[in-house]
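If you read the sequences in order, they're chains A and B.
Just so we're aligned, residue 1 is where the first sequence starts under the working numbering, counting upward by one.
Just so we're aligned, residue 485 is where the second sequence starts under the working numbering, counting upward by one.
A virtual CB, placed ideally from N, CA and C, is assigned to each residue, including glycine.
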Amino acid sequence: MVFNSFLYIVSFFITTVIYYLSPHKFRWLLLLASSLIFYGAWDYRFLLLMLVVIFVNYAASKIISSSSNALLNKFLLILNLLISFGLLFVFKYFMFFTGLFNNIFDNIKIPEIRIILPMGISFYTFQAVGYSIDVYKRKTTAEPNFFKFTLFLSFFPQLVAGPIERGENLMPQLFTKKNFDMANIILGLKYMLFGFFKKIVIADRVSVLVDTVYNNPGMFEGLAFLIATIFFAFQIYCDFSGYSEIARGSAKILGIDLMVNFKTPYFSKSIKEFWRRWHISLSSWFKDYIYFPLGGSRHRRPRKYFNMLVVFLVSGLWHGANITFVIWGFIHGAIQILEDIIMGPVNKGLAFLKLEKFFVTQFIKIAATFSIASLSWVFFRANNFSDSIYIIKNIFSLPDKITDAQYIYNTIGKLGLSYFEFLIAVFTLLILSLTDFFSRGSDIHTLLSKKPFIIRAAFYYIITMLVFTLGVFSNASTFIYFQF
Amino acid sequence: MRQHLFISNFKKSVKPLALLLIFIAIIIFSIFIIGQKFYYASTQNKINVFSRQRFEEFYKSKALDLIFVGSSHSYCTFDPEVFNSKLNLNSYQLGMPSQTPDSTYYTLLEVLNYQEPKIIVMELYYLMLATDFDMKQFDQLFQFLNNPGLKEDYIKNVFPNSAKAKYTIPTIHYQADFLNYWNARLVNFLSNEFNLTQDIKQSNGTEYYRSLGYVYCDHYMDDEDIADTKKSFSYDGENFEFSERQLLYLQKIVELCDERGVRLFFVTAPISNAAFDNIDNYGLMYEKIAGFCESAGVNYVDYNIVNRDRGLLAPANFRDRNHVNDSGAKIISGDYSNYLD
């Protein structure tokens with residue numbers, strides 16, 4: 001059941017009504033049942049796999065929590081990690097590694113089995129494992145009730161594409177008493193509305209252009225790649241942050257605050273800052289459970305850089321079983337290392353010249369970060385490695401006639417969107433960029449809450465009308481991050 | 485328990501709830517006002533104009549013996565005049581763009597309200613058999629069906645629940661028409677004001693609604709079209725699966741014709757040789773479709789197979805990669821009328 005479907009809207013409405021009409025002690029059971037139905041509606045086999053991961057983590061956490069035997073606890077944690085990541089490996093990476101193995105070794109062939117990737121497996125596995133590690137480190141105590149633990153890992157708004165929640169944030173909220181609060185409902189609806197705007201007005205429209213170019217790169221040249229790559233940067237942002245906002249909105253209506261997953265990332269002034277604003281729940285997971293255990297930045301520079309590179313290579317692999325994702329992760333890791341080396345002296349120089357707060361300096365930093373992030377998305381989106389190299393090679397090979405209006409007009413005409421829809425895409429991207437600009441570091445709803453009623457009402461009216469008039473409703477597409 | 489419910493803080497909630505309801509009311513009102521503009525755009529669509537002419541003429545037709553139904557492949561390929569002269573029948577073409585079998589079923593119900601044909605020839609195009617639901621298709625048909633009861637049945641029985649909701653919202657319902665209409669205006673504006681011309685191939689022929697539901701077209705595929713097809717078109721027949729919904733309606737069509745004593749034939753119209761060559765495993769797809777026809781006891785001819793085996797058509801007989809032009813229609817109609825004879 002996807003968020004942008006009629007079925008979800010109706011089911012969620014019914015769930016909310018029953019939720020607020022039920023006595024508190026039964027509410028979590030309703031959420032549990034709804035979550036299992038929500039996930040099982042895709043494929044009941046996915047549900048069984050998820051329950052296995054939940055059970056393994058539940059059992060390990062419970063024993064670890066009650067045992068004071070350090071060796072046993074360590075053994076149980078490692079066993080838990082092996083089983084959880086082992087299942088993730090089998091379902092997500094088995095085909096990738098067998099293909100890689102068979103390509104390298106001609107003489108030995110491992111049979112290549114087609115395995116369906118269960119929806120959201122990376123998300124719930126990471127949430128479960130993070131929780132078990134927290135229990136092992138005594139940061140939290142294990143939940144004794146298996147069904148409550150199941151709800152924590154399967155809570156439907158964030159189950160298939162995050163945010164990857166921490167026990168300390170989500171667990172208490174699921175079971176504490178909550179009164180009906182109209183303010184929560186209104187704010188939740190605002191989150192959802194803006195999420196739908198991002199998803200069905202922007203992401204689903206620009207995806208047509210991106211797919212046209214990226215699925216047939218041989219038919220296009222520089223300008224088309226440039227437009228498609230910029231559009232993809234916005235597509236993935238709107239698709240994923242749109243999902244996160246619908247998830248936050250759904251949870252907010254139920255009185256639960258999920259963590260913020262995006263903070264206007266394209267207004268970051270460095271790649272390091274970008275990762276503090278993009279998919280925050282995943283970056284903080286990697287920081288807490290991989291980067292810090294490896295030693296983080298406490299070591300000398302070579303080791304610190306090695307740790308950074310490991311985190312980003314793993315992050316690339318987390319996104320998908322393909323060499324293109326690994327390269328994408330490597331680029332982000334390498335750029336951060338470069339930033340660490342170069343930007344220190346550069347920033348000192350700018351401070352000396354009193355240019356660090358200067359508008360042009362800020363603009364150049366933001367533009368450079370956006371350009372690097374967008375170029376790295378080429379590897380993320382391209383169908384294979386050779387396509388990504390072809391696109392990178394050609395993206396800047398712009399002909400002399402690049403300033404010729406007729407040339408631009410002809411190029412746009414071949415990108416899969418009609419001229420009018422292209423104009424709509426640009427117009428809506430402009431709206432998004434402006435709202436992100438004015439609310440950078442915060443969110444648009446917080447910013448608007450300080451404005452007069454008429455401005456707030458006008459903004460939400462325009463966004464709602466844009467959804468109902470320009471939203472792409474022809475096919476209920478899924479979200480890009482479901483595949484991870 | 486009361487403290488957790490809506491009624492516990494009713495007074496506090498009244499104002500925001502009232503504002504929310506007013507907001508929703510304004511949105512609904514706006515959608516229906518703007519929806520009028522969207523609806524207007526749908527009346528300006530050229531393909532709809534052909535379909536309108538086709539249905540208007542149909543409703544005035546005298547007794548018909550043979551009726552063709554199906555997608556654009558049907559009205560481009562099967563020329564009723566050829567069948568009339570060769571078989572001495574009264575035939576009519578009721579194909580519509582992108583018509584899927586569920587839509588064909590309701591077209592047939594309408595047809596059988598007005599006519600008692602002896603033969604129905606239903607054209608089967610693989611993409612339409614695999615398409616689960618397409619609201620644009622129904623929009624066209626709904627504009628021309630005389631029987632309002634059929635429309636209601638159609639919405640009730642065929643539409644997925646999500647589509648029922650979308651259908652009632654005019655800005656979603658007519659959105660595709662609206663976008664097409666404004667795109668045409670934008671292109672016109674850019675052409676007139678800035679002298680920008682679209683990089684689309686100039687038409688090398690004419691196209692118009694002729695009569696008996698048939699659309700005449702003498703465009704032809706040139707070397708550039710063929711090269712473009714070879715470069716950009718591909719399909720793997722191994723991936724073809726019937727949509728469950730369309731399979732159900734194919735069965736219902738068979739049953740309907742059986743009940744009404746109408747002889748039913750299935751036929752696949754030819755696509756260009758260049759497109760056909762780029763379909764991998766066509767045989768697998770053919771086996772699935774032919775297998776269904778055989779199990780339903782309906783005669784089936786696939787003109788892609790016939791064309792491959794007998795070389796009936798040259799590139800000059802195609803208007804584009806998917807459809808024959810008038811010269812191709814004459815060849816296929818002649819051949820198929822011999823088959824029916």
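Here DSSP, grouped into helix, strand and coil, assigns B/N783 to strand. Within the segment 608-658 of chain B, complete beta strand (DSSP E) segments of at least 3 residues are not found at all.
The beta carbon of A/T469 sits closer than 9 Å to some beta carbon of chain B. Taking 9 Å as the cut-off between beta carbons, the residues of the segment 629-646 of chain B near chain A are P644, N645, S646, in sequence order. Assignment of B/Y698 by DSSP, reduced to helix, strand and coil, places it in the coil class. Residue pairing from DSSP places B/I763 in a beta bridge opposite B/Y719.
Proximity of B/Q682 to chain A, defined by a Cβ-Cβ separation below 9 Å, is satisfied. Bounds of any alpha helix (DSSP H) do not take in B/S575; it lies within the beta strand (DSSP E) bounded by 575-577. Those residues of the segment 291-315 of chain A placed with their C-beta closer than 9 Å to a C-beta in chain B do not exist. Nearest to B/L611 by C-alpha distance, out of B/N723, B/S545, B/E636, B/L680, is B/N723. Taking a 10 Å sphere around the C-beta of B/G767, we find fewer than 16 other C-beta atoms and assign the residue as exposed. DSSP places A/I14 inside the alpha helix (DSSP H), whose first and last residues are 6-21.
By the criterion of at least three beta-carbon pairs nearer than 8 Å, the segment 231-238 of chain A is not in contact with the segment 157-174 of chain A. Here the segment 238-245 of chain A lies against the segment 189-199 of chain A, with 3 or more beta-carbon pairs under 8 Å apart. For B/A649, the nearest beta carbon of chain A is closer than 9 Å to its own beta carbon. Residue-level contact check: B/A660 touches chain A, since one or more beta carbons of chain A fall below 9 Å from its beta carbon. In this structure, DSSP gives B/I684 a state outside helix and strand, which the three-state scheme calls coil. Exclusion of the five residues before and after B/I816 leaves T561, F562, A753, P754, Y787, L796, L797, V808 as the residues of its chain whose Cβ lies within less than 8 Å of its Cβ. Shown here, B/L748 sits in a strand according to DSSP, grouped into three states. Close to chain B, meaning a Cβ-Cβ distance shorter than 9 Å, are the following residues of the segment 200-234 of chain A: N216, G218, M219. Residue nearest to A/D288 within the set A/T212, A/A334, A/I454, A/G130 is A/G130 (criterion: CA-CA distance). Cβ neighbours of A/R276 within its own chain (closer than 8 Å, five residues either side excluded): K263, S268, S283.
Within the DSSP bridge table, the entry for B/F802 names B/V808 as partners. Among the residues of chain A, those whose CB is under 8 Å from the CB of B/V671 are Y419, following chain order.
For B/K546, the number of other beta carbons within 10 angstroms of its own is below 16, and it is reported as exposed.
The DSSP assignment places no complete beta strand (DSSP E) segment of no fewer than 3 residues inside the segment 510-536 of chain B. Taking A/G329 as the centre and dropping the five residues before and after it, the same chain places the C-beta of F312, L313, S315, G316 closer than 6 Å to its C-beta, in chain order. Chain-order list of chain A residues neighbouring B/N667: S418, Y419, F420, E421, by C-beta distance under 8 Å.
At a cut-off of 9 Å between C-beta atoms, A/T464 counts as an interface residue with respect to chain B. Chain B has a Cβ within less than 9 Å of the Cβ of A/S474. If you check the CB distance, A/N73 and A/A128 do not come in under 9 Å. Here B/T652 is exposed, its C-beta having fewer than 16 other C-beta atoms within 10 Å.
Distance check between B/A758 and each of B/I551, B/S727, B/A774, B/N791 places B/N791 closest, using alpha-carbon atoms only. In the three-state DSSP reduction, B/M606 falls in the strand class (E or B). Contact between the segment 61-78 of chain A and the segment 133-140 of chain A is present, with at least three C-beta pairs closer than 8 Å. Put simply, the CB of B/P500 is near chain A, with a gap under 9 Å to one of its CB atoms.
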